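Here is the structure we will look at, set down as structure tokens.
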Amino acid sequence: MKNKINKKDISRRSVLAGMAGVAGTIISKNSNGKEIQTSSDRPFAPNNPEKVTANQWSTKVGKRSVFEKYERHLRYSGTSSRSPLHQLTGTITPSDLHFERHHAGVPLIDPVKHKLIIHGMVDRPLSFTVDDLKRFPAVSRICFIECSGNLAREADEYTTPQIICGMTSQSEWTGVLLSTLMREVGVKSSASWFLAEGSDAAVLTRSIPKNIWNESIIAYAQNGEAVRPENGYPIRLLNPGYEGNTSVKWLRRMEFSDKPFMTREETSKYTETIKGGKARQFSLVMDARSIITYPAYPNTVEKGWIELQGIAWSGRGKITKTEVSIDSGKTWHAANLQEPILSKAHTRFRYLFKWDGKETIILSRAIDETGYTQPDRPTLIKARGAGSIPYHSNPITGWRLRKGGDVVYRVEDWG
Numbered sequence: 002m003k004n005k006i007n008k009k010d011i012s013r014r015s016v017l018a019g020m021a022g023v024a025g026t027i028i029s030k031n032s033n034g035k036e037i038q039t040s041s042d043r044p045f046a047p048n049n050p051e052k053v054t055a056n057q058w059s060t061k062v063g064k065r066s067v068f069e070k071y072e073r074h075l076r077y078s079g080t081s082s083r084s085p086l087h088q089l090t091g092t093i094t095p096s097d098l099h100f101e102r103h104h105a106g107v108p109l110i111d112p113v114k115h116k117l118i119i120h121g122m123v124d125r126p127l128s129f130t131v132d133d134l135k136r137f138p139a140v141s142r143i144c145f146i147e148c149s150g151n152l153a154r155e156a157d158e159y160t161t162p163q164i165i166c167g168m169t170s171q172s173e174w175t176g177v178l179l180s181t182l183m184r185e186v187g188v189k190s191s192a193s194w195f196l197a198e199g200s201d202a203a204v205l206t207r208s209i210p211k212n213i214w215n216e217s218i219i220a221y222a223q224n225g226e227a228v229r230p231e232n233g234y235p236i237r238l239l240n241p242g243y244e245g246n247t248s249v250k251w252l253r254r255m256e257f258s259d260k261p262f263m264t265r266e267e268t269s270k271y272t273e274t275i276k277g278g279k280a281r282q283f284s285l286v287m288d289a290r291s292i293i294t295y296p297a298y299p300n301t302v303e304k305g306w307i308e309l310q311g312i313a314w315s316g317r318g319k320i321t322k323t324e325v326s327i328d329s330g331k332t333w334h335a336a337n338l339q340e341p342i343l344s345k346a347h348t349r350f351r352y353l354f355k356w357d358g359k360e361t362i363i364l365s366r367a368i369d370e371t372g373y374t375q376p377d378r379p380t381l382i383k384a385r386g387a388g389s390i391p392y393h394s395n396p397i398t399g400w401r402l403r404k405g406g407d408v409v410y411r412v413e414d415w416g
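Quick note on our numbering: the sequence shown kicks off at 2 and runs consecutively.
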């Protein structure tokens, strides 16, 4: 027996279908996309029915699209450059956009001739070629590197995240654990420091304390390829979470000792004067910090929904929480943290909010697994004094959303 058609069901289905069509129209009008007209009786086709012809065939080395413009910002002295944080997504920095800092230019080093000498308080002083190092069991680690002077103190409203704190970048580093080489040379139990020396013209040297040794890596690869010259080719030291200058580039010598060596780079340099006529020395760990990368200068935004984005990091361990304020610091909200959340690594955060079009300031602050919370600028100055600010400065950074939609840097007084 055939099923009977219920006129009430037909009517109800028609109404629901009509409502769905209306709902779809409403959604499209609140979308970020642009409305288009399509015909229901034929497939939608692009305006140009011609096939896109090839501009070139395969090449040995790939490159970015000509429509994409990424570049580091060069300091006037030519001794450093900053990563374009406001243009990047995810957490890995492309190797050619990794920030750079050097004191006497980038040396040209033949990897075949290069050697790493390890001596001092050891049983067997040894030298290793780059190929020797590659024969040891390898490890890979994703972590950030940050210059201890990563702050643009003199900045106006028209300053990007790249200029504010673009001297931090993140890569996957591959190499041999320091602990593996320590076993090879037989480091004495009484040793508590080692001197790391670079092959650059400045012969940069830093004393490295024992508490980081288990994490230290002698790296020869970065993001799947050999370390770039400006980042230490053919080998560099990597001390996760420590200020960048301790991850000595173009590494050529390590000397173990029972005391620090008090080199130029840890006495007259990289030491901060603080209140009471004192100085902070060997303040090596980079504290928790965050930066909103969108919206930020030079972005413009429209009234409505905005996905705020940024990165947070800490040399103390994992980021456990990042809070954002969209009302000039009156209230704070937990942002969403994007996996993977790794120790001593950049972590991307996001927060969706609806902007009412009124002028406001947006802020972010990072909290790490030790409970350390990123301070605001007045708190930082009160704790250390203004003289300490050139190094290890991690104040909360703000962006001003103007009524017309322009976004500019919030300038603060250093006291």
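Don't be surprised by glycine CBs; every beta carbon is placed ideally from N, CA and C.
Bear in mind the structure is a predicted one, so any value in this text is a computation, not a measurement.
Checklist entry - Can you give the Cα-Cα distance for residue 397 and residue 260, rounded to whole angstroms? => result 36 Å
Checklist entry - Who are the near neighbours of residue 156 in its chain, counting only those whose CB is closer than 8 Å to its CB and skipping five residues on each side? => result 164, 165, 410, 412
Next on the checklist: Assuming residue 392 and residue 271 are in contact, meaning their beta carbons sit under 8 Å apart, how far apart are those beta carbons, in whole angstroms?
Outcome noted: 7 Å
Next on the checklist: Three or more C-beta pairs under 8 Å: does that hold for the segment 268-285 against the segment 317-332?
Outcome noted: no
Next on the checklist: Taking the straight line between their C-alpha atoms, what separation do you get for residue 316 and residue 35?
Outcome noted: 44 Å
Checklist entry - Hey, quick one: how far does the alpha helix (DSSP H) through residue 379 stretch, first residue to last? => result 378-385
Item to check | Cutoff 8 Å; reference residue 18; Cβ partners in own chain excluding five residues on either side | outcome: Low local confidence applies: a pLDDT of 46 at residue 18 is under 50, so the model's placement there is unreliable, with the coordinate-based value given in what follows. Around residue 18: no qualifying Cβ.
Checklist entry - From residue 249 to residue 400, what distance separates their C-alpha atoms? => result 34 Å
Checklist entry - From residue 129 to residue 139, what does the alpha carbon distance come to, in whole angstroms? => result 15 Å
Item to check | Distance between beta carbons of residue 143 and residue 343, contact taken as under 8 Å | outcome: 6 Å
Checklist entry - Shortest alpha-carbon distance to residue 366 belongs to which of 338, 216, 222? => result 338
Next on the checklist: Runs of 3 residues minimum, wholly inside the segment 244-293: which ones carry the beta strand (DSSP E) assignment?
Outcome noted: 252-258, 273-275, 279-281
Checklist entry - Roughly how many angstroms separate the alpha carbons of residue 225 and residue 282, rounded to a whole number? => result 35 Å
Item to check | Cβ-Cβ separation, residue 334 to residue 312 (assumed contact under 8 Å), whole Å | outcome: With 8 Å as the limit, residue 312 and residue 334 do not qualify as a contact, their Cβ atoms being about 18 Å apart.
Checklist entry - Under a Cβ-count criterion, where at least 16 other Cβ atoms within 10 Å of its own Cβ denotes burial, should residue 341 be classed as buried or exposed? => result exposed
Checklist entry - Are residue 240 and residue 216 closer than 9 Å when you measure CB to CB? => result yes
Checklist entry - Are the beta-carbon atoms of residue 147 and residue 175 separated by less than 9 Å? => result no
Next on the checklist: Within the continuous beta strand (DSSP E) that includes residue 343, where are the two ends?
Outcome noted: Element bounds for residue 343: n/a, residue is neither H nor E.
Next on the checklist: Considering Cα atoms alone, identify which of 95, 182, 107, 124 is closest to residue 136.
Outcome noted: 182
Next on the checklist: Between 167, 115, 58, which has its C-alpha nearest residue 73's C-alpha?
Outcome noted: 167
Item to check | residue 99 versus residue 287: straight-line alpha-carbon distance, rounded | outcome: 18 Å
Checklist entry - Using DSSP with H/G/I as helix, E/B as strand and the rest coil, what is residue 409? => result strand
Next on the checklist: Which complete beta strand (DSSP E) runs does the segment 57-136 hold, if anything under 3 residues is left out?
Outcome noted: 81-83, 116-121, 127-130
Item to check | Euclidean distance between Cα positions of residue 265 and residue 206 | outcome: 8 Å
Item to check | Where residue 375 sits in the DSSP three-state scheme | outcome: coil
Next on the checklist: Going by DSSP in three states, residue 333 sits in which element: helix, strand or coil?
Outcome noted: coil
Checklist entry - Got a sec, what are the start and stop residues for the beta strand (DSSP E) residue 147 sits in? => result 140-147
Checklist entry - If we call anything under 9 Å between Cβ atoms a contact, is residue 356 one with residue 387? => result no
Next on the checklist: Quick check on the burial criterion: 16 or more other C-beta atoms within 10 angstroms. Buried or exposed for residue 297?
Outcome noted: buried
Checklist entry - So what does residue 188 bridge to, in DSSP terms? => result 123
Checklist entry - Which residue or residues does DSSP assign as beta-bridge partners of residue 321? => result Residue 321 is not bridged to any residue.
Item to check | Close Cβ partners of residue 303 (< 7 Å) along its chain, the five nearest in sequence each way excluded | outcome: 406
Checklist entry - Alpha carbon to alpha carbon, what distance is there between residue 71 and residue 126? => result 45 Å
Item to check | Separation of residue 310 from residue 33, as counted between CA atoms | outcome: 17 Å
Next on the checklist: Since residue 117 and residue 236 should fall inside the 8 Å C-beta cutoff, what is the C-beta to C-beta distance between them, to a whole number of angstroms?
Outcome noted: 6 Å
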